[in-house]
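J.: Mind having a look at this structure? Questions to follow.
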Amino acid sequence: MRSLQDTTTLHNGIKMPKFGLGVWQVKDGDEVVNSVKYAIKAGYKSIDTAAIYKNEDGVGKAIKEAGVPREELFITTKVWNADQGYDSTLAAYESSIKLLDVDYVDLYLIHWPVAGKYKDTWKALEKLYNDGKVRAIGVSNFHQHHLEDLLANAEIAPMVNQIELHPLLSQVELRTFCESKGIKVEAWSPLGSGKLLDNPVIKEVADKYNKTVAQVILRWDLQHDIITIPKSTKEHRIIENAAIFDFELSADDMAIIDGLNKNERTGSDPDNFNF
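Adding 1 to a residue's 1-based position in the sequence shown gives its number in my numbering.
What follows is the structure, given as structure tokens:
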């Protein structure tokens with residue numbers, strides 16, 4: 002990767018930016034509008050939101066105000082758990098594009114694998130895709146067994162699996178499985194919800210390159226072919242997070258960071274969530 006505009010190709014041929022802005026826990030209104038506008042101004046092309054974030058309206062407003070042609074941007078949103086099921090997912094999608102004030106989204110994801118519902122939800126995503134309403138479809142928070150269950154009946158394999166992924170939860174087996182099925186892996190909370198920013202091992206690596214801990218982690222993502230979407234609301238941090246194209250981590254330093262894995266989550270386990 003040499004620039005913020007670099008892409009990875011999904012299995013249907015669609016090009017998706019490898020780096021973007023996540024807006025989880027960013028308040029609707031000025032906070033999310035400004036965050037998205039800062040990102041677009043800095044050259045970001047990919048914005049990741051979700052129905053449950055309650056900020057799709059603000060993301061849509063920012064897109065309009067940023068003045069960048071819609072086709073230059075890559076917008077992701079997700080169907081929430083309470084809306085899963087076939088008809089309710091189709092209705093949820095219409096609600097999302099209305100709030101975003103767009104004609105389509107680039108990537109639509111099932112947010113969590115709700116037992117007994119995610120297969121019907123996937124059928125709805127396949128319909129949206131076949132009808133040309135979304136450019137790509139995928140899942141979020143799916144373990145390997147969820148994916149195997151989904152793939153057993155799916156007409157279209159997910160193009161993306163967005164999962165919690167950072168140096169303390171590197172998900173190597175799941176990444177290997179996804180790669181074998183042509184499913185791209187995308188990291189949410191790539192900085193461990195901020196918990197990794199004072200990690201002494203990564204700090205030592207970062208000092209070698211005269212970079213921040215965040216920049217080293219995000220570079221580690223890209224060198225592992227992981228799509229990454231760090232969140233920030235501060236303009237200087239949004240710019241700083243993306244300043245990762247002028248250095249490359251050595252194989253030894255990649256291995257040092259790989260060695261930090263503890264299978265330690267900051268969020269819920271997809272096999273044990275109650276929302």
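By construction, the Cβ of each residue, glycine as well, lies at the ideal position given by its N, Cα and C atoms.
Given the structure is predicted, the values throughout are model-derived calculations rather than measurements.
If distances are taken between C-alpha atoms only, which option among 66, 85 and 23 comes closest to residue 56?
T.: It is 23 whose Cα lies nearest to the Cα of residue 56.
J.: Roughly how many angstroms lie between the CA atoms of residue 165 and residue 114, to the nearest whole one?
T.: Answer to the nearest angstrom: the Cα atoms are 14 Å apart.
J.: In the DSSP assignment, find the unbroken alpha helix (DSSP H) run with residue 186 in it and report its ends.
T.: Taken as a continuous stretch (DSSP letters only), residue 186 belongs to no alpha helix (DSSP H), being part of the beta strand (DSSP E) at 185-189.
J.: Return the CA-CA distance between residue 1 and residue 75, expressed in angstroms with no decimal places.
T.: The question about residue 1 has no answer, for the chain in this structure spans 2 to 276.
J.: Pull up the distance between the alpha-carbon of residue 153 and that of residue 147, whole angstroms please.
T.: Near 10 Å, if we compare the C-alpha coordinates of residue 147 and residue 153.
J.: For residue 228 versus residue 16, is the C-beta distance shorter than 7 Å?
T.: No. Outside cutoff.
J.: Are the Cβ atoms of residue 122 and residue 163 separated by less than 7 Å?
T.: Contact: no.
J.: Report the start-end ranges of each alpha helix (DSSP H) in the segment 134-192 that is 4 residues or longer and not cut off at the edges.
T.: With a minimum length of 4 residues, the continuous alpha helix (DSSP H) runs that stay inside the segment 134-192 are 145-152 and 173-181.
J.: Alpha carbon to alpha carbon, how far is residue 208 from residue 93?
T.: Going by the C-alpha atoms only, they are around 46 Å apart.
J.: Where do the N-terminal and C-terminal ends of the alpha helix (DSSP H) with residue 48 fall, by residue?
T.: Run containing residue 48: none in the alpha helix (DSSP H); it sits in the beta strand (DSSP E), 47-49.
J.: Starting from residue 210, trace the alpha helix (DSSP H) in both directions and tell me its first and last residue.
T.: Segment 201-210, the alpha helix (DSSP H) holding residue 210.
J.: Need the endpoints of the alpha helix (DSSP H) that residue 84 sits in, please.
T.: Premise fails: residue 84 is in no alpha helix (DSSP H) and is neither H nor E.
J.: Taking the alpha-carbon positions, what's the residue 188 to residue 232 distance?
T.: Cα to Cα, the separation comes out at about 11 Å.
J.: Could you say if the segment 242-254 and the segment 47-56 meet the contact criterion of at least three C-beta pairs nearer than 8 Å?
T.: Cβ pair count under 8 Å is below three, so no.
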